[in-house]
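Shown next as C-alpha cells:
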C-alpha cells in the first residue's frame, strides 16, 4: 500500500537528497559545455576560419551551435527520467501534477 504525500508537507532531507542526486554534476557539465562550445566557436573563427570558404565556416559554426545544446538537453532529459523513476512518477500517471 502506497501513501500519498500531503501537498502541504515539505519534504525532509532524505527526500530532498534523493531529488538532488546528480544535479550538481549536471549543472557543472551544462556550464562547462556551454562555455566550452562558445570558446570553441570563438577560437575557430579567430584561428582556423581563414582556411575554409565562408559556407564551410558557417556550416561548422551551425553544427557547433546544434551539437552542444543537443548534448545538454539529452543529459537533462535522462536526469528528469531518473528523478521520475526514483519518485515513481511519470507523465502517464493520473495523479501527475
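Residue numbers (the working numbering): 73 to 169.
Ideal placement from N, C-alpha and C gives every residue a C-beta, glycine not left out.
Outcome for residue i when other beta-carbon atoms lying within 10 angstroms are tallied against a minimum of 16
i           : result
residue 99  : exposed
residue 153 : exposed
residue 91  : exposed
Presumed contact (8 Å Cβ cut-off) between residue i and residue j, rounded CB distance
i           : j           : result
residue 136 : residue 151 : The Cβ separation is near 23 Å, so there is no contact.
Legend entry - Inter-stretch contact (C-beta, 8 Å, three-pair minimum) for the stretch 140-152 and the stretch 114-131: no
Inset, instruction - Specify whether the stretch 97-106 and the stretch 142-151 touch according to this definition: at least 3 beta carbon pairs, one from each stretch, less than 8 Å apart. - result: Counting Cβ pairs under 8 Å, three or more are found: they touch.
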